[in-house]
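Just so you know, we're using the working numbering here: the sequence shown kicks off at 150 and counts up by one. Beta carbons are placed, not taken as given, at the ideal position from N, Cα and C, and that holds for glycine. None of the values given here were measured: they were computed from a predicted structure. Heads up: the structure comes next, in structure tokens.
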Amino acid sequence: MGSERRELMRALGARLRGLRTEAGLTGAVLAQRAGVGQPTVSKVENGRMVPSLDVLGRLLLALDLDESTSREVRELLVAVEAAPGAVEANEEVPSGAVLDDAVRSARLVRSFQCVVLPAMLQSAEYARHVFASAPYSTPEAVGRAVAARVERQSLLYEPGRESVFVLTEAVLRTWPGDPSLMLAQFDRMLAVESLTTVRLGVIPWRRAVPVMPRYGFTLCDRRAVVVEAFRGERVVEDSDEVAAYEEIFRRFEEAAVFGREARELLVRVMREFQELEGSTTR
150 MGSERRELMR ALGARLRGLR TEAGLTGAVL AQRAGVGQPT VSKVENGRMV
200 PSLDVLGRLL LALDLDESTS REVRELLVAV EAAPGAVEAN EEVPSGAVLD
250 DAVRSARLVR SFQCVVLPAM LQSAEYARHV FASAPYSTPE AVGRAVAARV
300 ERQSLLYEPG RESVFVLTEA VLRTWPGDPS LMLAQFDRML AVESLTTVRL
350 GVIPWRRAVP VMPRYGFTLC DRRAVVVEAF RGERVVEDSD EVAAYEEIFR
400 RFEEAAVFGR EARELLVRVM REFQELEGST TR
């Protein structure tokens, strides 16, 4: 997908999201009124999906817009469809792009993960495996997504930003590729952990978790949470839901070890991968 189309999709989504906010509706209420799925509203608003003319018409009708505003939004859809390259209704950008964009606009990022490493900590090769495992991925889309993710990671070094990562020890032991990939990944985590803008915590397997984790999520400031599932991300902006996720994150954070203890745990698991690499190369 070309960068021009991506920007136009984002512009269309941002305009719809702004209109929904002005109408005082949540994404779920808008979806119900329009007779479409809530994930569809989320994907369109976050620039991940090109709506069909029928779906867009339903959304505009549910928003009760005047003719001038409706025409403006329809013209945005026409611009998306006219952008270079073929486009189909319901076309999606690669899974993971929504998370990367949400993180880019946040000054405080708090991420909990129980299976996959946080996006901002992933090496390029690790990220390639993550994107390639998504349904309907293509080599071209994976390449673009990896490049975008690596570029976003420069945010970790910006003054004025704060990133807090909490992961279970299981994340460190759930690995794609081969042991050498994970050794490079551990090098990256140890380097990032030393940054003053980053706090990296691990919940050791010897400690009971305060809540049974089902999936990972990332809090972006105190305005939104990106919930990560196998088939993509869901952005939640409802203040009560965001507050609930903040409380869950706090409990996971209290169970984690940070600083010296976290580094020692990382090094210990890293040595196990070194031994595993040695056994596989003999």
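Here arginine 322 has Val418 as same chain residues with Cβ atoms under 8 Å from its own Cβ, once five neighbours each way along the sequence are excluded. Secondary structure note for serine 260: its beta strand (DSSP E) is the uninterrupted segment 257-262.
Secondary-structure assignment with DSSP links isoleucine 352 through a beta bridge to Thr317. Under the rule that a run must span 3 or more residues, no beta strand (DSSP E) segment is found entirely inside the stretch 201-236. The residues Pro359, in chain order, have a CB closer than 8 Å to that of glutamate 403 in the same chain once the five nearest residues on each side in sequence are set aside. The C-beta of tyrosine 275 has 16 or more other C-beta atoms within 10 Å across all chains shown, which makes the residue buried. If you ignore the 5 residues before and after leucine 205, its C-beta comes within less than 6 Å of the C-beta of Leu226, all in its own chain and listed in chain order. Between the alpha carbons of valine 385 and valine 376 lies a gap of roughly 7 Å.
With fewer than 16 neighbouring CB atoms inside 10 Å of its own CB, leucine 344 falls in the exposed class. Note that the stretch 300-311 does not touch the stretch 366-376; fewer than 3 beta-carbon pairs, one per stretch, sit closer than 8 Å.
Cα atoms of glutamate 318 and proline 353: separation of roughly 5 Å, rounded to the nearest angstrom. When C-alpha distances from glutamine 181 are compared across Arg166, Val193, Ala211, the shortest belongs to Ala211.
One alpha carbon belongs to leucine 414, the other to glycine 408, and they sit about 10 Å apart. The Cβ atoms of arginine 159 and glycine 184 lie no closer than 8 Å to each other. Taking the C-beta atoms as reference points, leucine 209 is found nearer than 8 Å to valine 222.
Between glutamate 426 and leucine 332, the C-beta gap is smaller than 8 Å, which places the two residues in contact.
If you draw a straight line from the Cα of threonine 170 to the Cα of aspartate 203, it comes to about 22 Å.
Here glutamine 187 is near glycine 176, since their CB atoms are less than 8 Å apart.
Inter-residue distance for glycine 350 and lysine 192 is about 31 Å (C-alpha atoms, whole angstroms). Nearest neighbour of glutamate 421 by Cα position, chosen from Glu289, Val295, Ser329, Asp389, turns out to be Ser329. In this structure alanine 232 touches arginine 154 by the C-beta definition: roughly 4 Å separates them, less than 8 Å.
Annotated as proximal: leucine 266 and valine 320, with beta-carbon spacing under 8 Å. Per DSSP, reduced to three states, the secondary structure at glutamate 386 is coil, with no helix or strand assignment.
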